[in-house]
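Residue numbers (our numbering), protein chains in the order written: chain A, 28 to 262; chain B, 22 to 223.
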C-alpha cells in the first residue's frame, strides 16, 4: 500500500456481536479522528488480486467511545456485507476512512425537541444520536423505529432502557409484519406526537427511500418546515 | 494488503470498463438528498440565470419548455459508490440558455442553486459545450419529485451531487465558490474517473 492512499487507515475488528438475525455489530479499533453522532465510515475490502469493494456504513457508537461500532445488515446478494457476516472474525483488519458526513449529524447541547425516525437498519446513525443525547440529555427526544418483525428491531433493549431512565427520551418501536402489525402512518405519527406533546424543531429520518419520503411528507403536512427535516436514505 | 477471505464479485468485462474506481453498478435509481422533495408548483416555477446578484435572464415553466431541447444517453456515477448505466435524459443546455438570453458567459465559474436551498459549484468548462443539461425528463418521462423534478441539473461526467435537484437557477461567480457539500469536505470538482470524492483527494 502506498504511503499516500487517500487517507485510508487500517482498522482491527476487536469483537462482533449479534443484534438481530440479519444485523451484527462490528467493534473496531481504528486510528481515526473522533466522530459526530450521525456520521459514517467508508469501508474498503481488497481481494488477493487487488480488486477492491467499498461501502459506506453508519457509525452506531457514541462520540468519544473507545471502540467504533459499525452495525451492518446482511444485504440480499451483498458483496461486502456477506464478507462481514460470513467471514469476518475478531482480529481481521479492514481499510476504513472517515468519519464522513456533515449534514445528517446531531451535537448536544440542543435545546429544541428532536424527532428521530428509523426504518429497518436505518436505526444505526440514530442510535449514535440517542447515545450522544444520553451522555448529555437536554431537550426532549422522540425515537420512532419501524421494522418488519419484532426480532428486527435492533438496539431495542438499550433504547427502551434510555427511555425508562429518563422521561425526556421517548422510544416507540413498531413492527409491520408481526406482533403489533403497525407501521408509521399518519394515525400512528399523530398518536406518537400527541403523546409526546411537542412539535419537533429538528427531524432525522433514515431508512429505505420510500419510507423516508413518506414520513417526511407526513411531517411536512403536520407543519414541520422542509429545512427542519434531515434525511438519509438507502435502497 | 488483501482482506482475509475476501474474493469479491467482479463486474463483467463491459461493466468493468464502464465503472470508475471504487464504483459498483446498480439497477435501481437510489435517491439521495438533504431532506424531503420540496413541493414545487409549476405555475410559480422559474429558472433564473444570474451574474452575482444581477439577473441576466429568467424563464417561467412555459417559456423554459419552449427552449431548444437536447437529449443525453449514458452512465451516471454517485459519490456513494453506485453507478447507473445507460440512462436517458432530456433538457436544455447552458449553451442554449445563454443563446436565448443573448449573453456571453461573464465568468468561468457557476453555482447551481436549488429550491431546497442546496447549492453546488461547477466550472463553466464542465457545463458549456453541451456537457450539461437542465434536465426535465428522465427515461422519456417528466422527472419525478424525488429525482429532482420538475427540473434538475445534469452534469453526467461528474459525481452526481453536482447534478443539483430542484434547480431554480445558475449564478455566475467571480471565483470558484464552494457549495453545500463542498463546504462539508467534498471535492471542489468531483471527477469520478480521478476519484475526486473528498477535499483531500487529488
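Where a beta carbon is used, it is the ideal one built from N, C-alpha and C, also for glycine.
Taking Cβ positions, are residue 143 of chain A and residue 27 of chain B nearer each other than 8 Å?
no
Pairwise C-alpha distance: residue 81 of chain A and residue 93 of chain A
Cα-Cα distance, rounded: 24 Å.
So, is residue 168 of chain A buried or exposed, given that buried needs 16 or more other C-beta atoms within 10 angstroms?
buried
Could you name the residues of the same chain whose beta carbon sits closer than 7 Å to that of residue 180 of chain A, not counting the 5 residues immediately before and after it, in chain order?
172, 174, 200, 202
Contacts that residue 161 of chain A makes with chain B (C-beta to C-beta distance below 7 Å)
None at all; the shortest Cβ gap to chain B is about 26 Å.
With distance defined between alpha-carbon atoms, name the residue in B/155, B/199, B/184, B/142 nearest to residue 86 of chain B.
B/155
Going along chain B, which residues have a C-beta under 7 Å from residue 66 of chain A?
Within chain B, no C-beta atom comes less than 7 Å from the C-beta of residue 66 of chain A; the nearest is roughly 11 Å away.
Rounded to a whole number of angstroms, what is the C-alpha to C-alpha distance between residue 70 of chain A and residue 103 of chain B?
15 Å
Would a check of beta-carbon distances place residue 31 of chain B closer than 8 Å to chain A?
yes
Under the DSSP definition of a beta bridge, which residues are partnered with residue 104 of chain A?
Answer is none; residue 104 of chain A lacks a bridge partner.
Do residue 99 of chain A and residue 155 of chain A count as a contact pair if the criterion is CB distance below 8 Å?
No.
For the candidate residues B/188, B/32, B/172, whose alpha-carbon lies nearest to that of residue 47 of chain B?
Residue 47 of chain B has its Cα closest to that of B/32, out of B/188, B/32, B/172.
Could you name the residues of the region 49-78 of chain B whose beta carbon sits closer than 8 Å to any beta carbon of chain D, in the order they occur along the chain?
The question asks about chain D, but that chain is absent: this structure's protein chains are A and B.
Suppose you measure from the CA of residue 83 of chain B to the CA of residue 233 of chain A; what does that come to, to the nearest Å?
36 Å
Touch check for the region 44-63 of chain B and the region 120-134 of chain B: three-plus C-beta pairs under 8 Å?
no
Taking the alpha carbon of residue 115 of chain A as the reference point, which residue from A/51, A/95, A/158 has its own alpha carbon closest?
Considering only alpha carbons, the answer is A/51.
Backbone CA spacing between residue 148 of chain B and residue 198 of chain A [nearest angstrom]
48 Å
Distance between residue 193 of chain A and residue 184 of chain B (C-alpha atoms, nearest Å):
Residue 184 of chain B and residue 193 of chain A: Cα-Cα distance of roughly 44 Å.
Less than 8 Å between the CB atoms is what I'm expecting for residue 56 of chain B and residue 256 of chain A, so what's the real figure, rounded?
5 Å
Can you list the residues of chain A that residue 167 of chain B reaches, using a CB-CB cut of under 8 Å?
Ordered by position in chain A, the residues that pass the 8 Å Cβ test against residue 167 of chain B are 236, 240.
Is there a Cβ from chain B that is less than 8 Å from the Cβ of residue 258 of chain A?
Among the CB atoms of chain B, one or more fall inside 8 Å of the CB of residue 258 of chain A.
For chain B, find out if any of its Cβ atoms is closer than 8 Å to the Cβ of residue 193 of chain A; answer yes or no.
no
Shorter than 8 Å from the beta carbon of residue 108 of chain B to some beta carbon of chain A?
no
Quick one: Cα of residue 171 of chain B to Cα of residue 63 of chain A, how far?
34 Å
Outcome for residue 218 of chain A when other beta-carbon atoms lying within 10 angstroms are tallied against a minimum of 16
exposed
Consult DSSP for residue 50 of chain A and reduce its assignment to one of helix, strand or coil.
Residue 50 of chain A: strand per DSSP, three-state reduction.
Do residue 170 of chain A and residue 123 of chain A have their CB atoms nearer than 8 Å?
no
Confirm, please, whether the CB-CB distance from residue 216 of chain A to residue 245 of chain A is below 8 Å.
Residue 216 of chain A sits close to residue 245 of chain A, with the two beta carbons spaced by under 8 Å.
Starting from residue 220 of chain A, find everything on chain B with Cβ-Cβ shorter than 9 Å and list it in chain order.
Per Cβ cutoff of 9 Å: no residues; residue 220 of chain A is ~17 Å from chain B at best.
Grab me the residues of residue 119 of chain A's own chain with a C-beta within less than 7 Å of its C-beta, minus the 5 sequence neighbours each way, in chain order.
40
Should residue 28 of chain A go down as buried or exposed, given a rule of 16 or more other Cβ atoms within 10 Å for buried?
Its pLDDT being 40, under 50, residue 28 of chain A is placed unreliably by the model, and the measurement read from it follows with that caveat. That one is exposed.
Sorted by chain position, which residues of the same chain lie with C-beta nearer than 6 Å to residue 140 of chain B's C-beta, five sequence neighbours on each side aside?
132, 134, 200, 201
Could you work out which residues of chain B lie near residue 254 of chain A, taking near to mean beta carbons separated by less than 9 Å?
Near residue 254 of chain A (Cβ distances below 9 Å), the residues of chain B are 55, 56, 137, 138.
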